[in-house]
Amino acid sequence: MSTDVRGIVAAGKGEPVEVTTVRVPDPGPGEALVRVQACGVCHTDLHYREGGVSDDFPFLLGHEAAGVVEQVGAGVDDLRAGDFVVLNWRAVCGVCRACKRGEPQYCFDTHNAAQPMTLTDGTELSPALGIGAFVEKTLVHSGQCTKVDSSARPAVVGLLGCGVMAGIGAAVNTGAAGLNDTVAVIGCGGVGDGSIAGAAMVGARRVIAVDTDPRKLEWARQFGATHTINAAETDTIEGIRELTDGNGADLVVEAVGRPETYEQAFYARDLAGTVVLVGVPTPDMRLELPLLDVFARGGALKSSWYGDCLPSRDFPMLVELYQQGRLPLEKFVTEEISLDEVESAFDKMHHGDVLRSVVML
868 MSTDVRGIVA AGKGEPVEVT TVRVPDPGPG EALVRVQACG VCHTDLHYRE GGVSDDFPFL
928 LGHEAAGVVE QVGAGVDDLR AGDFVVLNWR AVCGVCRACK RGEPQYCFDT HNAAQPMTLT
988 DGTELSPALG IGAFVEKTLV HSGQCTKVDS SARPAVVGLL GCGVMAGIGA AVNTGAAGLN
1048 DTVAVIGCGG VGDGSIAGAA MVGARRVIAV DTDPRKLEWA RQFGATHTIN AAETDTIEGI
1108 RELTDGNGAD LVVEAVGRPE TYEQAFYARD LAGTVVLVGV PTPDMRLELP LLDVFARGGA
1168 LKSSWYGDCL PSRDFPMLVE LYQQGRLPLE KFVTEEISLD EVESAFDKMH HGDVLRSVVM
1228 L
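Okay, here's the thing in structure tokens:
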């Protein structure tokens, strides 16, 4: 059996997305059918539409989602119909070398649903990040469903499914920001503001937001930035050093994904400080640094994939902190829209007019 629902499909590179009918099969072994309630419009979805991820068109877009389990397949004993879940793209396997050494957040063989979702003519769809949630119902592996407090707002907590979690995790998990640290974040979009919120949450004494857009710098203060630097007016490295007693920051999170901003991050950290790259570069980008400087400055240069998160550990904890008023996740939601407005949301995102548009279903 299968169900026909409305969903957003990117048919070809650079083409406007369209609302069309998607055929979703009933869940098989290890799978879950989820009624999507809300899904954030993430920059990764735009990358898919532009062919920046792969050329496996057509794509079923959307992945920052929360919803309710409607049905589970054989062998699923940790989910049941009615469970409120945030979807994730790290359903760990439990048996790869990372999982076996006790680091499942680096799982090398994450799970997705085995059955494809299709168009009505049978054309198989490639779901964004193995999820595909700009759709009324989606089919995922049961491990992609993380149960959280059912009283939480779907439009808010669904954002943990990608960008916000990537940002929080880059600061807290990868960068190990802590009490009394100085933290600088270069790039104040959704991911960068996630890093700012994470650093503030764990008690960093100084959180410095860096961007060229005054609107984004103002937004950054809502998430806990104690200082801001407009990089269009002030040298980033000198600005960060001035705010850290001339030393540089203990942790610099680069949330842009460009060689020039990474170089700024490298030289804006304290000796033995840490740089975390969470911004996503394009395949053509190259980085040049004097190897002697890498040696002489010590510290750590890290990359953060999905904020080094473990959904089963991190999602419920962060939702609880949000419910307690200790993590301002609701401030990431700029607007709530319908499926028909996704293409317009991409345009707003491109121009920096929103942190997150959230599709409500």
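All letters in the sequence shown, in the order written, are residues 868 to 1228 by my numbering. Ideal Cβ positions, reconstructed from N, Cα and C, are used throughout, including at glycine.
- Message: Quick check: the Cα distance between Pro883 and Ala877, rounded to an integer number of angstroms?
- Response: Stepping through the sequence shown from its first residue, residue 883 is reached at position 16. Stepping through the sequence shown from its first residue, residue 877 is reached at position 10. Distance between the alpha carbons of Pro883 and Ala877 is about 7 Å.
- Would Lys1083 be called buried (16 or more neighbouring beta carbons within 10 Å of its own) or exposed? On the sequence shown, position 216 is the one that residue 1083 refers to. Its Cβ being crowded by 16 or more others within 10 Å, Lys1083 is buried.
- Item | Cβ pair count under 8 Å reaching 3, the segment 886–903 against the segment 936–953 | yes
- Given 8 Å, three or more beta-carbon pairs between the segment 990–1010 and the segment 1034–1052: no
- Task: Since I believe Ala1071 is in contact with Ser1171 (beta carbons under 8 Å), could you give me their beta-carbon distance rounded to a whole number of angstroms?
- Result: In the sequence shown, the residue the question calls residue 1171 occupies position 304. In the sequence shown, the residue the question calls residue 1071 occupies position 204. 17 Å between Cβ atoms; not a contact.
- Query: Which two residues bound the contiguous alpha helix (DSSP H) that contains Arg947?
  - Reply: As a working note, residue 947 is residue 80 in the sequence shown. Neither: Arg947 is in no alpha helix (DSSP H) and is coded neither H nor E.
- Query: Between the Cα of Ala965 and the Cα atoms of Ala958, Arg957, Cys974, which residue gives the shortest distance?
  - Reply: The sequence position of residue 965 within the sequence shown is 98, counting from 1. When only C-alpha atoms are compared, the closest one is Cys974.
- Message: As an exercise, report each continuous beta strand (DSSP E) stretch of at least 3 residues that is fully enclosed by the segment 1087–1173, in chain order.
- Response: 1094–1097, 1116–1121, 1136–1144, 1167–1170
- Going by CA-CA distance only, name the one from Thr1128, Ile1096, Arg873, Gln972 that's closest to Lys1004. Counted from its first residue, the sequence shown places residue 1004 at position 137. It is Arg873.
- Pick out whichever of Val953, Ser1211, Arg1125, Val1119 has its Cα sitting closest to the Cα of Ala1019. Counting from 1 along the sequence shown, the entry for residue 1019 is found at position 152. Comparing Cα positions, the closest option is Val953.
- Local conformation of Glu882 per DSSP, three classes: The residue given as residue 882 occupies position 15 in the sequence shown. Residue state, collapsed to three classes: coil.
- Task: Assess, as a yes-or-no matter, whether the segment 1187–1198 is touched by the segment 1150–1163 under the definition of 3 or more beta carbon pairs within less than 8 Å.
- Result: no
- Message: Less than 7 Å between the beta carbons of Ile1107 and Tyr1134, yes or no?
- Response: The residue labelled residue 1107 in the question sits at position 240 within the sequence shown. The residue labelled residue 1134 in the question sits at position 267 within the sequence shown. Contact: no.
- Query: So, is Ser921 buried or exposed, given that buried needs 16 or more other C-beta atoms within 10 angstroms?
  - Reply: Translated into positions along the sequence shown, residue 921 becomes position 54. Exposed, since its Cβ has fewer than 16 Cβ neighbours within 10 Å.
- Message: For Glu812 and Ala1076, what's the separation of their Cα atoms in angstroms?
- Response: Residue 812 is absent from the structure shown; the chain starts at 868 and stops at 1228.
- Task: Reducing DSSP to helix, strand and coil, say where Arg1073 ends up.
- Result: In the sequence shown, the residue the question calls residue 1073 occupies position 206. Looking at Arg1073 - three-state DSSP - the assignment turns out to be strand.
- Could you tell me the boundaries of the beta strand (DSSP E) in which Ala1212 lies? One-based indexing of the sequence shown puts residue 1212 at position 345. Where Ala1212 is concerned, there is no enclosing beta strand (DSSP E), although the alpha helix (DSSP H) it sits in stretches over 1209–1217.
- Item | Close Cβ partners of Asp871 (< 6 Å) along its chain, the five nearest in sequence each way excluded | Walking along the sequence shown from the start, residue 871 turns up at place 4. So the qualifying residues of the chain are Thr888, Arg890.
- Message: Out of Gly1166, Gly1124, Ala1167, Ala1099, which one is the CA nearest neighbour of Pro1148?
- Response: The count along the sequence shown starts at 1 and reaches residue 1148 at position 281. With distances taken between Cα atoms, Pro1148 lies closest to Gly1124.
- Item | Test item: CB-CB of Ala1088 and Gly1115 under 7 Å | Counting from one through the sequence shown, the residue named residue 1088 turns up at place 221. Counting from one through the sequence shown, the residue named residue 1115 turns up at place 248. Here residue 1088 turns out to be Arg, not Ala, going by the sequence shown. Taking 7 Å as the Cβ cut-off, Arg1088 and Gly1115 do not qualify as a contacting pair.
- Task: Go ahead and pull the three-state DSSP assignment for His1008.
- Result: Translated into positions along the sequence shown, residue 1008 becomes position 141. If DSSP states are grouped into helix, strand and coil, His1008 belongs with the strands.
- Task: Give the C-beta separation of Val886 and Ala1022 to the nearest angstrom, bearing in mind that I take them to be a contact with Cβ-Cβ under 8 Å.
- Result: One-based indexing of the sequence shown puts residue 886 at position 19. One-based indexing of the sequence shown puts residue 1022 at position 155. Val886 to Ala1022, Cβ: 19 Å. No contact.
- Let me know the secondary structure DSSP gives Glu931 once reduced to three states. Start at 1 with the first residue of the sequence shown, and residue 931 comes out as number 64. Strand at Glu931.
- Determine the burial state of Leu913: buried for a count of at least 16 other Cβ atoms within 10 Å of its Cβ, exposed for fewer. The sequence position of residue 913 within the sequence shown is 46, counting from 1. That one is buried.
- Item | Backbone secondary structure at Thr1201 - three-state DSSP | For the purposes of this step, residue 1201 is identified with residue 334 of the sequence shown, where counting begins at 1. Thr1201: strand per DSSP, three-state reduction.
- Task: Pick helix, strand or coil for Glu917, following the three-state DSSP scheme.
- Result: Here residue 917 is taken as the residue at index 50 of the sequence shown, counted from 1. Coil, per DSSP.
- Task: Please classify Asn955: is it buried, with 16 or more other beta-carbons within 10 angstroms of its beta-carbon, or exposed?
- Result: The residue labelled residue 955 in the question sits at position 88 within the sequence shown. Result: buried.
- Message: For a quick check, are the C-beta atoms of Gly1061 and Gly1146 less than 7 Å apart?
- Response: As a working mapping, residue 1061 is identified with position 194 in the sequence shown. As a working mapping, residue 1146 is identified with position 279 in the sequence shown. Not in contact: Gly1061 and Gly1146 (Cβ atoms no closer than 7 Å).
- Quick one: grab the DSSP three-state call for Ser993. Here residue 993 refers to the residue found at position 126 when the sequence shown is read from its first residue. Three-state result, Ser993: strand.
- Query: Going by the beta-carbon positions, is the gap between Leu1222 and Gly1030 smaller than 7 Å?
  - Reply: The residue labelled residue 1222 in the question sits at position 355 within the sequence shown. The residue labelled residue 1030 in the question sits at position 163 within the sequence shown. No.
- Message: Comparing C-alpha positions only, which one of Val1119, Leu927, Asp944 sits nearest to Ala858?
- Response: The structure shown does not extend to residue 858, since the chain is modelled only from 868 to 1228, so the question has no answer here.
- Query: Which residue's Cα is closest to the Cα of Pro1195: Gly949, Leu1026, Gly1219, Arg957?
  - Reply: Along the sequence shown, one-based indexing puts residue 1195 at 328. The candidate whose alpha carbon is nearest that of Pro1195 is Leu1026.
- Message: Pull the bridge partners of Cys906 from the DSSP assignment, please.
- Response: As a working note, residue 906 is residue 39 in the sequence shown. DSSP output for Cys906 lists Ala932, Val1226 as bridge partner(s).
- Query: Thinking C-beta only, is Gln982 closer than 7 Å to Pro925?
  - Reply: To locate residue 925, count along the sequence shown from 1; it is residue 58. To locate residue 982, count along the sequence shown from 1; it is residue 115. Going by C-beta atoms, Pro925 is not nearer than 7 Å to Gln982.
- Message: Strictly by DSSP, which residues pair up with Thr1049?
- Response: The residue you call residue 1049 lines up with position 182 of the sequence shown. According to DSSP, Thr1049 bridges with Arg1073.
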